[in-house]
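**Q** Per our numbering, the sequence shown starts with residue 178, numbered consecutively.
This is the structure I want to talk about, given as structure tokens.
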Amino acid sequence: MAIFSPGFTGRRNTDDVKLPPGQYLERGFPVLTAGPTQRIRTDQWEFSIVTETGEKKAWNWQGMLDLGPEKIDTDIHCVTSWSKFGTTWKGVSLDKFLDGIETTADYVMATSYGGYTTNLPLAEITGGKAWVAYEFDGKDLHAEHGGPARLLVPALYFWKSAKWVTSLRLMNGDAPGFWEQNGYNMHGDPWREERYWGQ
């Protein structure tokens, strides 16, 4: 059984100067998933941050909402070559989850329900750059797109915006997650076209 959803190919378009290299403009919202779609009820959902020393802080759904969500307007870019402009989300900044947590870590490993993982530099998810998002286009985020909540890290290719996110583990050193172990770039900047190892 394949671990890929349909759609891991695309067409190239370099006519739009807003597009990162090798990307084309997508009007829809393709569904691309490694493994089966996870379906988690909000009354069962939990998000936690585990420090490099093993300390854990966790939030349930209401606890997340109590942190204060915000609206996010951003473009998103998938490593499979599509970009979608002007997307609108609602979510909670990762800065609010990390507030008060003492760490000397430089990296995090995001883990999802279902076991998916992806690594991120801490600098890419702090300073108003990343969110736990639970609404898209004014509606609850569909499970196929990572609902009830996913990471949203618009500065990087969208595989870094882990669907069905359940935890972040702070790390002193970098380590590969699922796609990174399978040849994807450890960083994933679309403007530098960091798609695969060696790029």
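Ideal placement from N, C-alpha and C gives every residue a C-beta, glycine not left out.
Just so you know, these numbers come straight off a predicted model, no measurement behind them.
Can you pull the DSSP bridge partners for D366?
**A** Answer is none; D366 lacks a bridge partner.
**Q** Measuring alpha carbon to alpha carbon, tell me which residue in G212, W236, A211 is nearest T343.
**A** Answer by Cα proximity: W236.
**Q** Determine the closest residue to T303 out of G199, E370, F224, V269, with distance taken between C-alpha atoms.
**A** The shortest Cα separation from T303 among G199, E370, F224, V269 belongs to V269.
**Q** Is it the case that the stretch 347 to 359 contacts the stretch 321 to 331, given that we only count it when at least three CB pairs across the two stretches are under 8 Å?
**A** No contact exists between the stretch 321 to 331 and the stretch 347 to 359.
**Q** Tell me the DSSP bridge mates of V208?
**A** Answer is none; V208 lacks a bridge partner.
**Q** Under 8 Å, with one C-beta from each stretch per pair, do the stretch 237 to 255 and the stretch 281 to 295 reach the 3-pair mark?
**A** The stretch 237 to 255, when compared against the stretch 281 to 295, does not touch it at the 8 Å Cβ threshold.
**Q** Roughly how many angstroms separate the alpha carbons of H364 and Q358, rounded to a whole number?
**A** Rounded to whole angstroms, H364 to Q358 spans 12 Å at the Cα level.
**Q** By Cβ distance, which residues of its chain are closer than 8 Å to D283, with the 5 residues on each side in sequence left out?
**A** Cβ neighbours of D283 beyond the five flanking positions: P298, L299, A300, M348, N349, G350, D351.
**Q** Compute the beta-carbon to beta-carbon distance between T228 and I278, rounded to the nearest angstrom, for a pair I have assumed lies under 8 Å.
**A** The pair is a contact, with the Cβ atoms about 6 Å apart (cut-off 8 Å).
**Q** Between T219 and P325, what straight-line distance do the alpha-carbon atoms span, to the nearest angstrom?
**A** Computed Cα separation, rounded: 7 Å.
**Q** Note down the Cα distance separating K337 from T295, rounded to an integer number of angstroms.
**A** If you take the alpha carbons of K337 and T295, they lie about 6 Å apart.
**Q** Name the one or two DSSP bridge partners that M348 has.
**A** M348 pairs with Y284.
**Q** Let me check understanding here. Comparing Cα to Cα, which of G354, H322, G360, W368 lies closest to P213?
**A** The shortest C-alpha separation from P213 is found at H322.
**Q** May I ask you to report which of helix, strand or coil DSSP gives H254?
**A** It is a strand residue.
**Q** Using 7 Å as the limit for Cβ to Cβ distance, is K248 near chain B?
**A** Absent from the structure is chain B; it holds one protein chain and no more.
**Q** Does DSSP put G268 in a helix, in a strand, or in coil?
**A** Looking at G268 - three-state DSSP - the assignment turns out to be strand.
**Q** Using only CA atoms, which one of R369, G315, W374, T230 lies nearest to T280?
**A** With distances taken between Cα atoms, T280 lies closest to T230.
**Q** Following the continuous beta strand (DSSP E) through E312, name the residue where it begins and the one where it ends.
**A** Its beta strand (DSSP E) spans residues 308 to 313.
**Q** In terms of alpha-carbon separation, which member of G205, T264, K306 lies closest to G315?
**A** For the residues G205, T264, K306, the minimum Cα distance to G315 belongs to T264.
**Q** Can you give the beta carbon distance from W266 to F313, rounded, assuming they're within the 8 Å contact cut?
**A** Yes, they are in contact, since the Cβ atoms of W266 and F313 sit about 6 Å apart, within 8 Å.
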